[in-house]
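The next block holds one structure in the form of structure tokens; read it before the comments.
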Amino acid sequence: MRVFQVRQTTTGAILWTGAAADPLSALDAMAHEAGYYDHSDIPEHMRAGGLQAEEVRV
849 MRVFQVRQTT TGAILWTGAA ADPLSALDAM AHEAGYYDHS DIPEHMRAGG LQAEEVRV
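Per the working numbering, residue 849 is the first one in the sequence shown, and the count goes up by one each step.
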């Protein structure tokens, strides 16, 4: 597993940091922790500016 941060692209706000296999899995994990089934269920107003999953290098 690698560590990813999910950010709201427009504001740069970090929405989630955690372990995932790949960027798509990171988006799904973030959504699941927030109570959604997967990233496609995240409300449009949160996705409007874009979501970006980026691997964190430590």
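Ideal Cβ placement from N, Cα and C applies to all residues, glycine included.
These figures come from a predicted structure and were not determined experimentally.
Q) Closest to F878 by CA distance: which of H893, A901, T857, T858 is it? A) Within the sequence shown, the letter at position 30 stands for residue 878. Here residue 878 turns out to be Met, not Phe, going by the sequence shown. Of the listed residues, the one whose Cα sits closest to M878 is A901.
Q | C-beta atoms of M849 and A868 nearer than 8 Å | A | As a first step, residue 849 is located in the sequence shown; it is residue number 1 there, counting from the start. As a first step, residue 868 is located in the sequence shown; it is residue number 20 there, counting from the start. Yes, these two residues count as a Cβ contact at 8 Å.
Q: Whole angstroms is fine: what's the gap from T857's alpha carbon to L863's?
A: Locating residue 857 in the sequence shown gives position 9, where the first residue counts as 1. Locating residue 863 in the sequence shown gives position 15, where the first residue counts as 1. Rounded to the nearest angstrom, the two C-alpha atoms are 10 Å apart.
Q) By DSSP, does R895 sit in helix, in strand, or in coil? A) Working through the sequence shown from its first residue, we reach residue 895 at position 47. The answer is helix: DSSP assigns R895 an H, G or I state.
(Q) Need the endpoints of the alpha helix (DSSP H) that A868 sits in, please. (A) Taking the first residue of the sequence shown as 1, we reach residue 868 at position 20. Taken as a continuous stretch (DSSP letters only), A868 belongs to no alpha helix (DSSP H), being part of the beta strand (DSSP E) at 862-868.
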